[in-house]
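Numbering (the numbering used here), first residue to last: 1 to 136.
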Ligand code: CDP
Ligand code: MG
């Protein structure tokens, strides 16, 4: 069964820094995900800590929040059929070394922390994450 969903995508600092924004956007567009909203911003470490608070007990939490706030990022709302899981599929595994061929993380990811993109992992989290970046 297919359903139209929205999901939050973030192009992380490592990919923005390497001028990969257009290439990554084109992967979404070619795969019929519509970019409904987009903005380039830099968030504070406190904001990154709020965004990633589900990971607060993890050993990598501090570094993760420092990293996400270390430079400009591009946040996007993607819309399409089964967008949440479909975007996760386009992204590939968290660790670029384990990601399938032609996924964004396989193509562009540098390491498990500098893995180029974030994508919501459920419809509920997508709603919260979209609100986080695009509340008026
Ligand atoms: O991003 P994804 O949902 O695939 O992975 P996650 O388990 O929700 O972890 C969030 C982010 O934390 C990852 O994208 C990595 O950038 C980072 N991470 C890390 O630095 N070291 C790990 N061992 C696991 C995740
Ligand atoms: Mg996650």
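We treat Cβ as the ideally placed atom computed from N, Cα and C, and that holds for glycine. As the structure is a prediction and not an experimental result, all values here were calculated from the model.
For residue 66, count neighbouring C-beta atoms within 10 Å of its own C-beta (all shown protein chains included) and say buried if the count is 16 or more, exposed if not.
Exposed, by the Cβ-count rule.
Take the Cβ of residue 140 as the centre, count every other Cβ of all protein chains shown within 10 Å, and call the residue buried at 16 or more, exposed below.
Missing from the structure shown is residue 140; the chain here goes from 1 to 136 and no further.
Proximity below 8 Å, CB of residue 85 to CB of residue 9:
Against a cut-off of 8 Å, the Cβ pair of residue 9 and residue 85 comes out as no contact.
Could you check where the alpha helix (DSSP H) with residue 131 kicks off and where it finishes?
Taken as a continuous stretch (DSSP letters only), the alpha helix (DSSP H) holding residue 131 covers 123-134.
What are the start and end residues of each continuous alpha helix (DSSP H) run of 4 or more residues lying completely inside the region 8-93, in chain order?
The region 8-93 contains these whole alpha helix (DSSP H) runs: 13-17, 21-30, 45-51, 61-68 and 83-91.
So the candidates are 50, 81, 132 and 69; which of them puts its Cα closest to the Cα of residue 32?
Taking only the C-alpha atoms, the option nearest residue 32 is 81.
Can you look up residue 4 in the DSSP assignment and give me helix, strand or coil?
Residue state, collapsed to three classes: strand.
Classify residue 1 as buried or exposed, calling it buried when 16 or more other Cβ atoms lie within 10 Å of its own Cβ.
Around the beta carbon of residue 1, fewer than 16 other beta carbons sit within 10 angstroms, so the residue counts as exposed.
Would you say residue 48 and residue 108 are within 8 Å of each other, going by their C-beta atoms?
Cβ distance not < 8 Å, so residue 48 and residue 108 don't count as in contact.
Are residue 71 and residue 17 touching if we call contact CB-CB under 8 Å?
A contact, by the Cβ cut-off of 8 Å.
By the 10 Å Cβ neighbour count, where 16 or more other Cβ atoms means buried, how is residue 98 classified, buried or exposed?
Label assigned to residue 98: exposed.
So, at 6 Å on beta carbons, what are the nonlocal neighbours of residue 35 in its own chain, with the 5 sequence-adjacent residues on each side left out?
The beta carbon of residue 35 is closer than 6 Å to those of 76 in its chain, skipping five residues each way along the sequence.
In chain order, what residues of the same chain lie with their CB nearer than 8 Å to the CB of residue 69, ignoring the 5 residues before and after it?
Once the five neighbours on either side are set aside, the close Cβ partners of residue 69 are 42, 43, 44, 45, 47 and 48.
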